[in-house]
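Chains as they are written, first to last, in numbering that gives the first Met the number 0: chain A, 0 to 343; chain B, 0 to 343.
Protein chains: 2
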Amino acid sequence: MNPERPKVTIFDVAEHAGVSIKTVSRVVNNEPNVRENTRERVMLAVRELRYQPNAAARELSGKRSRIIGLIYENAEEFSYLNDVFNGALGICEPAGYSLLLRPLTLPDPEIIDHIRQFATNARVEGIVLPAPMGDLPEVSGLLREMRIPFAAITPREPDPDEINILCNDEAASHALTELLIHQGHDAIGFIKGHPDHGASHKRFAGYRRALKRHGVPYAPRLVRQGYFDFESGRIAAGRMLDLPEPPSAVLASNDDMAAGAIFAARKRGLNIPGELSIAGFDDTRFSSRIWPPLTTVRQPIVQMAETAAALLIDKLNGHSTEAPDSPFECEVVIRESTAPLNPT
Amino acid sequence: MNPERPKVTIFDVAEHAGVSIKTVSRVVNNEPNVRENTRERVMLAVRELRYQPNAAARELSGKRSRIIGLIYENAEEFSYLNDVFNGALGICEPAGYSLLLRPLTLPDPEIIDHIRQFATNARVEGIVLPAPMGDLPEVSGLLREMRIPFAAITPREPDPDEINILCNDEAASHALTELLIHQGHDAIGFIKGHPDHGASHKRFAGYRRALKRHGVPYAPRLVRQGYFDFESGRIAAGRMLDLPEPPSAVLASNDDMAAGAIFAARKRGLNIPGELSIAGFDDTRFSSRIWPPLTTVRQPIVQMAETAAALLIDKLNGHSTEAPDSPFECEVVIRESTAPLNPT
DNA sequence: CAGCAAGCTGACAGCGCTGTCAAATTTTTG
DNA sequence: CAAAAATTTGACAGCGCTGTCAGCTTGCTG
Numbered sequence: 000m001n002p003e004r005p006k007v008t009i010f011d012v013a014e015h016a017g018v019s020i021k022t023v024s025r026v027v028n029n030e031p032n033v034r035e036n037t038r039e040r041v042m043l044a045v046r047e048l049r050y051q052p053n054a055a056a057r058e059l060s061g062k063r064s065r066i067i068g069l070i071y072e073n074a075e076e077f078s079y080l081n082d083v084f085n086g087a088l089g090i091c092e093p094a095g096y097s098l099l100l101r102p103l104t105l106p107d108p109e110i111i112d113h114i115r116q117f118a119t120n121a122r123v124e125g126i127v128l129p130a131p132m133g134d135l136p137e138v139s140g141l142l143r144e145m146r147i148p149f150a151a152i153t154p155r156e157p158d159p160d161e162i163n164i165l166c167n168d169e170a171a172s173h174a175l176t177e178l179l180i181h182q183g184h185d186a187i188g189f190i191k192g193h194p195d196h197g198a199s200h201k202r203f204a205g206y207r208r209a210l211k212r213h214g215v216p217y218a219p220r221l222v223r224q225g226y227f228d229f230e231s232g233r234i235a236a237g238r239m240l241d242l243p244e245p246p247s248a249v250l251a252s253n254d255d256m257a258a259g260a261i262f263a264a265r266k267r268g269l270n271i272p273g274e275l276s277i278a279g280f281d282d283t284r285f286s287s288r289i290w291p292p293l294t295t296v297r298q299p300i301v302q303m304a305e306t307a308a309a310l311l312i313d314k315l316n317g318h319s320t321e322a323p324d325s326p327f328e329c330e331v332v333i334r335e336s337t338a339p340l341n342p343t
Numbered sequence: 000m001n002p003e004r005p006k007v008t009i010f011d012v013a014e015h016a017g018v019s020i021k022t023v024s025r026v027v028n029n030e031p032n033v034r035e036n037t038r039e040r041v042m043l044a045v046r047e048l049r050y051q052p053n054a055a056a057r058e059l060s061g062k063r064s065r066i067i068g069l070i071y072e073n074a075e076e077f078s079y080l081n082d083v084f085n086g087a088l089g090i091c092e093p094a095g096y097s098l099l100l101r102p103l104t105l106p107d108p109e110i111i112d113h114i115r116q117f118a119t120n121a122r123v124e125g126i127v128l129p130a131p132m133g134d135l136p137e138v139s140g141l142l143r144e145m146r147i148p149f150a151a152i153t154p155r156e157p158d159p160d161e162i163n164i165l166c167n168d169e170a171a172s173h174a175l176t177e178l179l180i181h182q183g184h185d186a187i188g189f190i191k192g193h194p195d196h197g198a199s200h201k202r203f204a205g206y207r208r209a210l211k212r213h214g215v216p217y218a219p220r221l222v223r224q225g226y227f228d229f230e231s232g233r234i235a236a237g238r239m240l241d242l243p244e245p246p247s248a249v250l251a252s253n254d255d256m257a258a259g260a261i262f263a264a265r266k267r268g269l270n271i272p273g274e275l276s277i278a279g280f281d282d283t284r285f286s287s288r289i290w291p292p293l294t295t296v297r298q299p300i301v302q303m304a305e306t307a308a309a310l311l312i313d314k315l316n317g318h319s320t321e322a323p324d325s326p327f328e329c330e331v332v333i334r335e336s337t338a339p340l341n342p343t
């Protein structure tokens with residue numbers, strides 16, 4: 000594409016170093032069976048000539064594209080994805096891999112075709128599946144069938160043969176609920192997340208376990224279905240607040256819905272956290288900037304995505320994939336949207 | 000990467016259609032000089048065998064990578080980028096191009112090296128430069144020198160030989176300021192954007208022009224420097240609000256800073272919009288979800304990115320690049336954070 | 001119907017690299 | 001110190017496609 004730039008090929012390097020092209024190839028690809036002396040000579044030539052292997056030739060010859068795909072839901076919530084992109088890119092680049100994005104709008108009846116086409120067309124070697132893509136059985140099923148390795152970032156049951164990145168959603172939700180209970184709340188509303196997301200169930204489970212543990216009765220009227228978006232949070236919270244005996248605290252399964260809950264509370268003239276405590280989940284960029292700043296849970300998304308990419312690349316390179324033995328830790332971030340219950 | 004999938008090559012298609020591989024190549028690449036009859040026969044074979052040209056072989060042989068790079072500032076503000084990604088991907092995919100991301104953290108003293116390496120390594124044919132990348136002279140200079148076509152999405156002076164996607168920032172800012180003036184405000188604070196971004200100057204210029212046009216005196220004390228981030232908006236607004244004669248309205252050069260201004264106002268117990276009107280710029284996902292929902296300006300980012308990618312691809316394919324003759328239109332979105340001045 | 005331009009089609013040589021396998025070299029062994 | 005074993009190196013054949021250019025068909029012209 001740039002005629003001016005004189006392309007340095009493997010032949011130039013070989014000549015410069017006084018070896019055969021195959022030896023250069025060995026050195027460049029870190030293959031064994033090259034005398035240290037020779038290796039250094041080649042490396043020197045590589046550096047002097049600023050040799051950059053031609054990716055297309057490599058792929059054509061070696062059958063390795065060094066491309067990793069990232070299939071994600073093209074939803075509104077994007078700060079989560081930002082972290083995923085950054086984490087994955089940060090690992091792929093130094094490893095010599097490219098990252099190719101494939102947004103998908105859910106629900107997508109043709110999802111199978113779309114993914115199949117993406118995998119074939121873009122000739123990806125492996126795929127990263129952030130939530131909720133990793134939750135969809137048809138997606139993981141297809142990839143298994145196509146024998147394309149993938150790394151799912153989602154809180155599902157880990158499979159020893161597959162890469163699965165988890166964090167302790169359940170424990171974090173438990174801790175957050177516990178915080179509210181310790182603050183004296185005993186009517187704690189819960190807005191569930193999208194039922195197709197594994198995280199939704201974990202978070203709800205943590206809530207229930209905390210109630211049980213502390214002897215707070217579970218009230219189904221205080222639990223509403225949400226879908227992880229602002230609107231559903233606003234509506235769900237509104238319903239609860241209009242109840243004859245409204246909750247004194249609301250726990251939303253993510254920050255978008257928590258923002259919706261704040262919105263609903265304000266509409267009704269409620270003072271937060273004076274009259275209603277609200278907590279969310281995810282610690283989006285957003286959360287510290289609304290008023291009041293949101294009590295929430297922070298997940299180490301960047302690290303999780305890094306790990307996903309790193310393990311995937313390891314697997315592609317035939318290294319033993321050592322899954323991390325414990326899930327990543329979430330952290331409760333306490334801000335001003337929650338406060339001890341004010342006995343009026 | 001998938002041994003099971005039998006690869007269909009151009010030879011298979013040629014045999015199946017009873018022509019030479021070259022003819023298949025012609026048909027697949029829409030080259031002229033193929034009899035209609037022959038073309039159809041080949042197309043049929045392509046469809047029957049589900050032939051997918053091998054990208055690596057194409058690139059190696061034809062010197063065309065069909066890869067477009069997207070270099071962006073890896074900043075907090077991400078909803079803008081979401082739109083840029085979506086717009087660019089939406090055009091690239093059907094056109095048979097891949098989009099490769101390259102986040103950069105600004106300021107970056109080694110930006111030249113990073114970009115040079117990206118362009119070489121990833122062998123991109125062209126590059127999309129959303130703001131503020133297109134504003135940096137060293138970046139556009141380097142790409143010009145490397146003779147890599149690029150499309151800058153940024154409000155700079157258009158160059159007829161280069162692709163430049165603009166929107167009427169200045170006019171939108173003018174309109175927004177005018178709105179506040181019509182609402183009776185005559186002490187309108189302005190928080191400037193990052194000085195390295197072209198948009199900052201346009202937006203400030205619109206503000207000044209509107210003041211002038213309506214005979215509202217320009218007060219330097221009501222203009223503060225910001226950097227497009229929440230914190231700088233919070234601080235700048237705080238300074239203005241602590242003035243002996245504070246403004247009755249504040250216009251921030253983007254929504255993040257407007258959110259900072261809201262935050263600062265709330266800290267001081269001010270009622271918005273009762274005691275202070277606040278308006279922003281960009282209409283991030285955020286803007287309608289904070290309280291009060293923000294009056295702001297919406298830019299057609301997706302369409303701008305689509306146009307950028309489309310023009311770039313046209314250029315790469317040697318088609319006449321017809322730049323759109325007028326900038327994209329912004330739209331003032333009026334929400335509840337602004338209100339007529341209440342004469343107390 | 002010969003003669004010629006224009007339109008089609010195909011043979012073949014790479015593109016730059018890696019895999020295979022044989023040859024050359026070094027090291028180890030008896 | 002020779003023979004065997006292990007290590008290192010290189011020659012060469014593709015990978016699947018496009019560019020070049022020559023050859024073959026057409027359809028016209030006179």
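Ideal Cβ placement from N, Cα and C applies to all residues, glycine included.
Check: Does the pairing of the segment 203-221 of chain B with the segment 276-294 of chain B give three or more beta-carbon distances under 8 Å?; Outcome: no
Check: Taking Cβ-Cβ distances below 7 Å as the criterion, which residues of the segment 285-301 of chain A are in contact with chain B?; Outcome: F285, R288, I289 and W290
Check: Cβ of A170 of chain A less than 7 Å from any chain B Cβ?; Outcome: no
Check: Could you list which residues in chain A have their beta carbon closer than 8 Å to that of I261 of chain B, in chain order?; Outcome: W290
Check: What span of residues does the alpha helix (DSSP H) with G197 of chain B cover, start to end?; Outcome: G197 to R212
Check: Counting only beta-carbon separations shorter than 7 Å, does A258 of chain B have a partner in chain A?; Outcome: yes
Check: Compare the Cα-Cα distances from A121 of chain B to each of B:T153, B:A151 and B:S64 and report the closest residue.; Outcome: B:S64
Check: Would you identify the three-state DSSP class for Y79 of chain A, choosing helix, strand or coil?; Outcome: helix
Check: Which runs of the beta strand (DSSP E) fall wholly inside the segment 71-146 of chain A and span at least 3 residues, in chain order?; Outcome: 97-103 and 125-129
Check: Just checking: is the beta-carbon of L240 of chain B within a distance shorter than 7 Å of some beta-carbon in chain A?; Outcome: no
Check: Put F227 of chain B into one of helix, strand or coil per three-state DSSP.; Outcome: coil
Check: Look up I20 of chain A in the DSSP assignment and say whether it is helix, strand or coil.; Outcome: helix
Check: Can you find the residues in the same chain that come closer than 8 Å, C-beta to C-beta, to V18 of chain A, ignoring five residues on each side of it along the sequence?; Outcome: T37, R40 and V41
Check: I need the DSSP call for L43 of chain A, collapsed to helix, strand or coil.; Outcome: helix
Check: I want to verify the contact list: residues of chain B whose CB lies under 7 Å from the CB of Q51 of chain A, in sequence order.; Outcome: T119 and N120
Check: Evaluate contact between the segment 276-285 of chain B and the segment 53-72 of chain B, counting only Cβ atoms and requiring at least three cross-stretch pairs below 8 Å.; Outcome: no
Check: Which runs of the alpha helix (DSSP H) fall wholly inside the segment 251-321 of chain A and span at least 4 residues, in chain order?; Outcome: 254-266 and 300-315
Check: Does DSSP classify N167 of chain B as helix, strand or coil?; Outcome: coil
Check: Does the CB of S247 of chain B have a neighbour CB from chain A at under 7 Å?; Outcome: no
Check: Buried or exposed, going by whether 16 or more other CB atoms sit within 10 Å of the CB of F117 of chain B?; Outcome: buried
Check: Would you mind working out which of B:S60, B:S97, B:A170 and B:Q51 sits nearest L69 of chain B, comparing C-alpha positions?; Outcome: B:S97
Check: By DSSP, does E30 of chain B sit in helix, in strand, or in coil?; Outcome: coil
Check: Check each candidate in B:I333, B:P154 and B:F189 and name the one with the smallest Cα separation from D134 of chain B.; Outcome: B:P154
Check: How about A56 of chain B: is its C-beta nearer than 7 Å to some C-beta of chain A?; Outcome: yes
Check: Give the interface partners of N349 of chain A over in chain B, defined as CB-CB distance under 8 Å, in chain order.; Outcome: Because residue 349 of chain A is not part of the residues shown, which for chain A are 0 to 343, the question remains open.
Check: For K211 of chain B, collect the residues of the same chain with a Cβ closer than 8 Å to its Cβ; drop the 5 residues on either side in sequence, then sort them by chain order.; Outcome: Y217
Check: Return the chain-ordered list of same chain residues with a C-beta closer than 6 Å to the C-beta of G183 of chain B, the five sequence neighbours on each side being excluded.; Outcome: P339 and L340
Check: Of all Cβ atoms in chain B, is any one closer than 7 Å to the Cβ of L275 of chain A?; Outcome: no
Check: Tell me whether V249 of chain A sits in a helix, a strand or coil according to DSSP, three-state version.; Outcome: strand
Check: Identify the continuous alpha helix (DSSP H) that holds E58 of chain A and give its terminal residues.; Outcome: A54 to G61
Check: List the residues of chain A that F227 of chain B touches, going by C-beta distances under 9 Å, in chain order.; Outcome: Under the 9 Å cutoff, chain A gives no residues; its nearest Cβ is about 13 Å from F227 of chain B.
Check: For I187 of chain A, which three-state DSSP category applies?; Outcome: strand
Check: So, is N167 of chain A buried or exposed, given that buried needs 16 or more other C-beta atoms within 10 angstroms?; Outcome: buried
Check: For R146 of chain B, is the classification buried or exposed, using 16 other Cβ atoms within 10 angstroms of its Cβ as the cut-off for buried?; Outcome: exposed
Check: With DSSP as the reference, label L175 of chain A as helix, strand or coil.; Outcome: helix
Check: Name, please, each residue of chain A whose Cβ falls closer than 9 Å to the Cβ of F189 of chain B.; Outcome: None at all; the shortest Cβ gap to chain A is about 21 Å.
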